[in-house]
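A.B. asks:
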Amino acid sequence: MNSKRVLLIDDEQDSIEFVTTILKTEGISSIFALNGEEGLDKAKKEKPDLIILDIQMPKMDGFEVFENLCKDNSTKGIPVIMLSGIHEKIGIEFNLKAMEKLYGKKPDGYLEKPFVPRELIRMVKDNLSIDKIK
Numbered sequence: 000m001n002s003k004r005v006l007l008i009d010d011e012q013d014s015i016e017f018v019t020t021i022l023k024t025e026g027i028s029s030i031f032a033l034n035g036e037e038g039l040d041k042a043k044k045e046k047p048d049l050i051i052l053d054i055q056m057p058k059m060d061g062f063e064v065f066e067n068l069c070k071d072n073s074t075k076g077i078p079v080i081m082l083s084g085i086h087e088k089i090g091i092e093f094n095l096k097a098m099e100k101l102y103g104k105k106p107d108g109y110l111e112k113p114f115v116p117r118e119l120i121r122m123v124k125d126n127l128s129i130d131k132i133k
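Numbering (numbering that gives the first Met the number 0), first residue to last: 0 to 133.
(1) Can you give me the start and stop residues for the alpha helix (DSSP H) that S14 sits inside?
(2) For L82, which residues does DSSP report across the bridge?
(3) Would you mind stating whether G61 and D53 have Cβ atoms separated by less than 8 Å?
(4) For I77, does the three-state DSSP call read helix, strand or coil?
(5) Rounded to whole angstroms, what is the Cα-Cα separation between K58 and I8?
(6) Start and end of the beta strand (DSSP E) containing I120?
(7) So, does the stretch 95-102 touch the stretch 13-33, judging by three or more C-beta pairs under 8 Å?
(8) Which of the three DSSP states, helix, strand or coil, is assigned to L33?
(9) Is the separation between the beta-carbon of K43 and that of D71 shorter than 8 Å?
(10) Count the other CB atoms, across all protein chains shown, that sit within 10 Å of the CB of P78; report buried if there are 16 or more and exposed otherwise.
(11) Looking at L110 and I85, is the spacing between their C-beta atoms short of 8 Å?
(12) Span of the beta strand (DSSP E) holding I8?
(13) Expressed to the nearest angstrom, what Euclidean distance is found between the alpha-carbon atoms of G90 and S83?
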């Protein structure tokens, strides 16, 4: 088992439980936040090795959370994988490119919900530099 820890930021409890289960099968521990504000707070306090961030959330969406993570010296180096149920590829790609121009980086991965668990595991392991799945 490794000591890597992932922060899940998603307002849907079912999604958090699903991703937590997937990570647990790979020996990766996770913590979670049910909204963007709580997620930013936990990212600063807990210093996770990776953040999995949902885009569509009330109050503070994933784009705003990403912006705040990039602007804070204590969190800007944490890899981020964004998840979304938005199935408008052109709009998402535009936003990802805009984030890179604005903040000097874009998310380290992006998956549409529903996603294939094996693809999430691959992205997580790539970003945590864990041996790839077979």
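Glycine included, C-beta positions come from ideal geometry on N, C-alpha and C.
Note that the structure is predicted; figures quoted are calculated from it, not measured.
C.D. replies: In short, the structure shows the following:
(1) Within the sequence shown, numbered from 1, the residue matching residue 14 stands at position 15. Here the alpha helix (DSSP H) through S14 covers 12-24.
(2) Here the question's residue 82 lines up with position 83 in the sequence shown. Answer by DSSP bridge pairing, in chain order: D53, L110.
(3) Locating residue 61 in the sequence shown gives position 62, where the first residue counts as 1. Locating residue 53 in the sequence shown gives position 54, where the first residue counts as 1. In contact: G61 and D53 (Cβ atoms closer than 8 Å).
(4) By one-based count along the sequence shown, residue 77 stands at place 78. Looking at I77 - three-state DSSP - the assignment turns out to be coil, as it is neither helix nor strand.
(5) Sequence index remark: in the sequence shown, residue 58 carries index 59 (1-based). Sequence index remark: in the sequence shown, residue 8 carries index 9 (1-based). Straight-line Cα distance between these residues: approximately 13 Å.
(6) For the purposes of this step, residue 120 is taken as the residue at position 121 of the sequence shown. Element bounds for I120: not the beta strand (DSSP E) but the alpha helix (DSSP H), 116-127.
(7) Touching, no.
(8) By 1-based counting over the sequence shown, the position of residue 33 is 34. L33 falls in the coil class under three-state DSSP.
(9) To locate residue 43, count along the sequence shown from 1; it is residue 44. To locate residue 71, count along the sequence shown from 1; it is residue 72. Yes, the pair counts as a contact, with Cβ atoms nearer than the cut-off.
(10) In the sequence shown, residue 78 corresponds to position 79, counting from 1. Under this definition P78 is a buried residue.
(11) Your numbering for residue 85 matches position 86 in the sequence shown. Your numbering for residue 110 matches position 111 in the sequence shown. Not in contact: I85 and L110 (Cβ atoms no closer than 8 Å).
(12) Stepping through the sequence shown from its first residue, residue 8 is reached at position 9. Unbroken beta strand (DSSP E) run through I8: 4-8.
(13) Here the question's residue 90 lines up with position 91 in the sequence shown. Here the question's residue 83 lines up with position 84 in the sequence shown. About 12 Å.
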